[in-house]
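J.: Following the working numbering, the numbering of the sequence shown begins with 3 at its first residue and continues without gaps.
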Amino acid sequence: MSKPRPLIRLSTSLLLTATLLVTGCSSLPDKNQETAEAKTKTVKKSTEKHAVKKPTETIEATNLWDDIIKGYGLPTVSDEKVNKNLRWLANNQRYLDRVTQQSRPYLHYVASQLKANDLPLELALLPIVESAYDPFASSPSRALGIWQFMPQTGRNFGLTQNHWYDGRRDIVASTDAAVRYLKRLNTMFNGDWFLAVAAYNAGEGTVRRAIERNRKQGKGTDFWSLPLSQQTQSYVPQLIALSKVVANPAKYDLELAAIPNNPYFTTVNVSTPVDLAQAARMAEIDPKELRNLNAGYNRWITNPSGPHQLLVPVADAAQFTLTLDKLPQIKPMQIAGDYKVKSGDTLGALAKRYGTSVAAIQAANNLKSTNLRVGQSLSIPGQTPVNSPYAIQAEQEIAQRNQKNTGIHYTVKSGDSFWTIAKSHNTSVKNLLQWNDLSANAKLKPGQKLLIADKAIAQKDGNKITYQIKSGDTLNKIANKFSVSKQDILSWNKVKNESYIHPGQELTIFLSAKN
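(1) Pick helix, strand or coil for E132, following the three-state DSSP scheme.
(2) Check whether the Cβ atoms of K83 and Q235 sit closer than 8 Å, and answer yes or no.
(3) Does the Cβ of R375 have 16 or more other Cβ atoms within 10 Å, making it buried, or fewer, making it exposed?
(4) Between P122, K221 and L184, which has its C-alpha nearest A204's C-alpha?
(5) How long is the line joining the alpha carbons of Y111 and Q95, rounded to whole angstroms?
(6) Please classify P142: is it buried, with 16 or more other beta-carbons within 10 angstroms of its beta-carbon, or exposed?
(7) List the residues that DSSP assigns as beta-bridge partners of Q470.
(8) Checking the sheet assignment: what are the DSSP bridge partners for S430?
(9) Does the distance from the C-beta atom of P122 to that of I173 stay below 8 Å?
(10) What would DSSP say about L121, mapped onto helix, strand or coil?
(11) Drop a sphere of 10 angstroms on the beta-carbon of V316, count the other beta-carbons inside from all chains shown, and report buried for 16 or more, exposed for fewer.
(12) What does the alpha-carbon distance come out to for the pair V431 and T413?
(13) Can you have a look at A252 and say buried or exposed, based on whether 16 or more other CB atoms are within 10 angstroms of its CB?
(14) So, do the region 174–181 and the region 146–166 have three or more beta carbon pairs nearer to each other than 8 Å?
(15) Could you tell me which uninterrupted alpha helix (DSSP H) segments, each at least 4 residues in length, are contained entirely in the region 133–165, listed from first to last along the chain?
(16) Between which residues of its own chain and I130 is the CB-CB distance below 8 Å, once the five residues before and five after are set aside?
(17) Apart from the five residues just before and just after S419, which ones in its own chain have a Cβ nearer than 8 Å to its Cβ?
(18) By DSSP, does D277 sit in helix, in strand, or in coil?
(19) Let's test the definition: count the other Cβ atoms within 10 Å of the Cβ of D327 and tell me whether it reaches 16, buried, or not, exposed.
(20) Assuming Q311 and T274 are in contact, meaning their beta carbons sit under 8 Å apart, how far apart are those beta carbons, in whole angstroms?
(21) Terminal residues of the continuous beta strand (DSSP E) containing T268?
(22) Just curious, the beta strand (DSSP E) that S379 is in, first and last residue?
(23) Check whether the Cβ atoms of A139 and S487 lie closer than 8 Å to each other.
(24) In three-state terms, what does DSSP make of T413?
(25) Secondary structure at A320, three-state DSSP: helix, strand or coil?
(26) Applying the criterion that 16 or more other CB atoms from any shown protein chain within 10 Å of the CB defines a buried residue, is T468 buried or exposed?
(27) Which residue wins for smallest C-alpha separation from R89, given the options I70, A113, Q240 and A361?
(28) Checking the sheet assignment: what are the DSSP bridge partners for I303?
(29) Roughly how many whole angstroms lie between the Cα atoms of D194 and N85?
(30) Give the single residue among S416, H411 and S80 whose Cα lies nearest to the Cα of L434.
(31) Taking the C-alpha atoms as reference points, what is the distance between K451 and N367?
(32) Would you kindly work out how many angstroms separate the C-alpha atoms of Y299 and G156, rounded to a whole number?
(33) Using CA coordinates, which residue listed in L477, Q489 and F484 is at the minimum distance from I503?
(34) Please confirm whether V343 and A353 have their CB atoms less than 8 Å apart.
(35) On the DSSP letters alone, give me the boundaries of the alpha helix (DSSP H) that V248 sits inside.
(36) Rank Q489, I480 and K425 by C-alpha distance to the C-alpha of Q507 and give the top, closest one.
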C-alpha cells in the first residue's frame with residue numbers, strides 16, 4: 003500500500019481557462035511545410051539479457067513542484083483571460099487534485115527533458131491543458147497522447163504509427179518529440195514563447211498568417227494582439243494561470259499534492275516479445291499501470307520485430323526483470339498474422355478456429371462491435387488460450403474502452419429488434435446503427451452488445467446524465483449533441499462564462515423525454 007501523499011499549499015494562480023473550446027493540441031503544420039527529419043534515437047544494446055537503464059539523476063529539491071517553479075522562464079503577465087482562469091481554478095480543487103494525480107507518473111520525466119534542453123519549465127504543465135496528462139486521450143481531430151500530436155505532425159517529428167505501436171501515446175517518444183517541436187517553434191518566433199505555445203495549439207502557419215495580417219494593418223504582432231481563434235486565445239492564458247497556481251497555491255486557497263522529485267519509471271530492455279498482461283500479473287504490477295506507462299503499444303505484446311522495451315515503475319523494476327526470465331516464450335503462431343474476412347465469418351467462429359477469444363480479436367484490431375465486413379483484414383492473436391492473462395486483460399480493456407465511449411451498453415435479448423431497442427432508449431434506428439458502426443441490413447444476435455450514446459440515456463434520477471468533457475469539445479457541440487441549450491448547460495453547472503470548461507471536467511445535463 004502506498005503512503006499517503008503529502009499536501010503543500012498551492013499559492014500560485016493555477017487557473018486553467020477552460021475555454022469554450024476545450025483544447026487538444028491539433029497543431030498540424032501547413033501541408034506544404036517541410037517535414038522535419040526524425041531524429042532516430044539510438045538504443046544501446048546491453049550485454050545483459052534484460053538491461054535496466056539507470057533512471058535520470060534526481061534534482062536537489064525533494065518536491066518536484068519546487069524544482070519546476072525554479073525553472074520558470076515565461077514572462078510575467080496580468081490579463082483578464084488569465085484572471086478568469088485563475089478564478090475558475092480557485093473554485094475547482096477537485097480538478098486540480100485529479101490532474102495532479104494523473105501527472106504523477108510522467109511529470110518528472112517531462113520536466114527533466116525540458117530542463118535538459120533549457121526550456122521554461124512552465125511547459126511541463128502544457129500536457130494538463132492538452133490532455134489532463136492522460137496517455138490515452140484522443141480528440142475528434144485524431145490527436146493522441148499527453149501532448150496531443152496530430153498524425154502528420156507526429157510523423158514529422160519521428161513518431162512511428164503502425165499496426166503495433168503509436169509513438170504519439172509513448173510517454174518517452176512523444177515527450178522527446180514535443181521538446182524538439184517547442185524548440186523549433188521558439189526559434190521560428192524569435193524567442194517569443196507565447197507565440198510558440200500558441201503555434202503549438204493552432205499550427206505555425208496560422209500564427210504566422212495572423213502576424214502578417216496585423217503587420218500589414220499596422221497593428222501589434224504580439225500574442226495578445228493577434229486575431230486567433232477563441233480556442234487559441236484561451237490556450238496560452240490557461241497555461242499561464244496553471245503556472246501561477248503551482249507557484250503559489252495558498253494565494254488561491256488551494257492545495258497542491260506534493261510529487262517526489264525522483265524518476266517514477268525506468269526503461270527495461272527485453273530480448274523477445276512480451277505479453278504485457280501476463281508480465282504484469284507475474285511481477286505483481288497493476289496491469290492498468292503497466293498499460294498506462296506503455297500506452298504506445300497497440301497490441302497485447304511488444305512489437306515482434308523489436309525493439310523490445312518497456313517502462314516499469316522504478317520500485318518494481320528489479321522484480322520485473324526476474325519475472326521476464328520466467329515468462330513462457332511467445333511463439334510466432336501466437337503472434338499470428340492477418341486474416342481476410344470471408345462471407346459467413348464471425349468473430350466467434352474465428353476465435354474458436356484459432357484458439358483465442360472474441361475479446362482478444364477485438365482488442366487486437368480496435369473493434370468496437372462484433373460486426374465484420376467481407377474483405378476486412380484482421381490481426382488474429384492465434385493460439386492464445388481464452389483464459390490466458392492476455393485474454394482476461396483484453397476483456398478488461400474493452401470494458402474500459404467502452405466506458406470511455408460516452409454512453410451505456412445494452413445486451414441484445416431474444417426478440418429484440420433495432421426498432422424496439424431504439425424506441426425504448428428514446429432514439430432512432432439510424433442513430434443506433436451509427437453509434438455501433440452497423441449497416442442497415444445488419445442482423446442482431448442475443449448477447450450482442452450495443453452502444454447507446456449519452457444523448458439517448460435516460461437515467462432513473464429524472465433524465466440526468468453526467469458528461470465528461472473531451473479535448474476539442476465546445477459548449478455549442480455539447481449542447482447540440484444532447485439537444486439542449488448552451489445557456490441551460492451553463493445554468494445547470496453554475497458556470498458563469500462559456501470559456502470556463504476544461505478537458506476532464508464533468509458536466510451535469512438534464513434530458514427531456516423527447517431527447
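Ideal Cβ placement from N, Cα and C applies to all residues, glycine included.
A quick note: this is a predicted structure, and the numbers were derived from the prediction, not measured.
T.: Concretely, from the data shown:
(1) Counting from 1 along the sequence shown, the entry for residue 132 is found at position 130. Here E132 sits in helix by DSSP.
(2) In the sequence shown, counting from the first residue as 1, residue 83 sits at position 81. In the sequence shown, counting from the first residue as 1, residue 235 sits at position 233. Yes, they are a contact pair.
(3) Against the sequence shown, residue 375 aligns to sequence position 373. With fewer than 16 other Cβ atoms within 10 Å, it is exposed.
(4) The count along the sequence shown starts at 1 and reaches residue 204 at position 202. It is L184 whose Cα lies nearest to the Cα of A204.
(5) Reading the sequence shown from its first residue, position 109 is the one you call residue 111. Reading the sequence shown from its first residue, position 93 is the one you call residue 95. If you take the alpha carbons of Y111 and Q95, they lie about 25 Å apart.
(6) Position 140 of the sequence shown, counted from the start, is the residue given in the question as residue 142. The residue in question, P142, is exposed, as its Cβ has fewer than 16 Cβ neighbours within 10 Å.
(7) As a first step, residue 470 must be located in the sequence shown, where it is residue number 468. The partner list for Q470 (beta bridge, DSSP) reads E508.
(8) Within the sequence shown, the letter at position 428 stands for residue 430. Looking at the DSSP assignment, S430 forms no beta bridge with any residue, so it has no partner.
(9) Within the sequence shown, residue 122 is the residue found at index 120, counting from 1. Within the sequence shown, residue 173 is the residue found at index 171, counting from 1. Cβ distance not < 8 Å, so P122 and I173 don't count as in contact.
(10) As a position in the sequence shown, residue 121 is number 119, starting the count at 1. In this structure, L121 counts as coil in the three-state DSSP scheme.
(11) Here residue 316 refers to the residue found at position 314 of the sequence shown. So V316 ends up on the exposed side.
(12) Residue numbering aside, residue 431 sits at position 429 when the sequence shown is read from its first letter. Residue numbering aside, residue 413 sits at position 411 when the sequence shown is read from its first letter. One C-alpha to the other measures close to 16 Å.
(13) Numbered from 1 along the sequence shown, position 250 holds the residue referred to as residue 252. Burial check for A252: the Cβ neighbour count within 10 Å stays below 16, so the residue is exposed.
(14) yes
(15) 153–158
(16) Indexing the sequence shown from 1 puts residue 130 at position 128. So the qualifying residues of the chain are L18, V101, S105 and L244.
(17) Taking the sequence shown and counting its residues from 1, one reaches residue 419 at position 417. Contacts found: L446.
(18) Working through the sequence shown from its first residue, we reach residue 277 at position 275. Reduced to three states, the DSSP call for D277 is strand.
(19) Position 325 of the sequence shown holds residue 327. The residue is exposed, with fewer than 16 neighbouring Cβ atoms inside 10 Å.
(20) As a first step, residue 311 must be located in the sequence shown, where it is residue number 309. As a first step, residue 274 must be located in the sequence shown, where it is residue number 272. Contact doesn't hold; Cβ gap of about 12 Å is too wide.
(21) Here the question's residue 268 lines up with position 266 in the sequence shown. F267 to N271 is the extent of the beta strand (DSSP E) around T268.
(22) In the sequence shown, counting from the first residue as 1, residue 379 sits at position 377. Unbroken beta strand (DSSP E) run through S379: S379 to S381.
(23) Along the sequence shown, one-based indexing puts residue 139 at 137. Along the sequence shown, one-based indexing puts residue 487 at 485. The criterion of a C-beta distance shorter than 8 Å is not satisfied by A139 and S487.
(24) Start at 1 with the first residue of the sequence shown, and residue 413 comes out as number 411. Note: T413 maps to strand in three-state DSSP.
(25) Counted from its first residue, the sequence shown places residue 320 at position 318. In this structure, A320 counts as helix in the three-state DSSP scheme.
(26) Numbered from 1 along the sequence shown, position 466 holds the residue referred to as residue 468. Classification of T468: exposed, given that the 10 Å Cβ count is below 16.
(27) As a first step, residue 89 must be located in the sequence shown, where it is residue number 87. Comparing Cα positions, the closest option is Q240.
(28) The residue given as residue 303 occupies position 301 in the sequence shown. Answer is D277, bridged to I303.
(29) Against the sequence shown, residue 194 aligns to sequence position 192. Against the sequence shown, residue 85 aligns to sequence position 83. Between D194 and N85, the C-alpha separation is close to 21 Å.
(30) One-based indexing of the sequence shown puts residue 434 at position 432. For L434, the nearest C-alpha among the options comes from H411.
(31) By 1-based counting over the sequence shown, the position of residue 451 is 449. By 1-based counting over the sequence shown, the position of residue 367 is 365. So the two alpha carbons sit approximately 17 Å from each other.
(32) Within the sequence shown, numbered from 1, the residue matching residue 299 stands at position 297. Within the sequence shown, numbered from 1, the residue matching residue 156 stands at position 154. Those two C-alpha atoms are separated by around 16 Å.
(33) Indexing the sequence shown from 1 puts residue 503 at position 501. Nearest neighbour of I503 by Cα position, chosen from L477, Q489 and F484, turns out to be L477.
(34) The count along the sequence shown starts at 1 and reaches residue 343 at position 341. The count along the sequence shown starts at 1 and reaches residue 353 at position 351. Going by C-beta atoms, V343 is not nearer than 8 Å to A353.
(35) Taking the first residue of the sequence shown as position 1, residue 248 is located at position 246. Looking at the DSSP string, the run of the alpha helix (DSSP H) that includes V248 is Q232 to A249.
(36) On the sequence shown, position 505 is the one that residue 507 refers to. Of Q489, I480 and K425, the residue nearest in Cα terms is I480.
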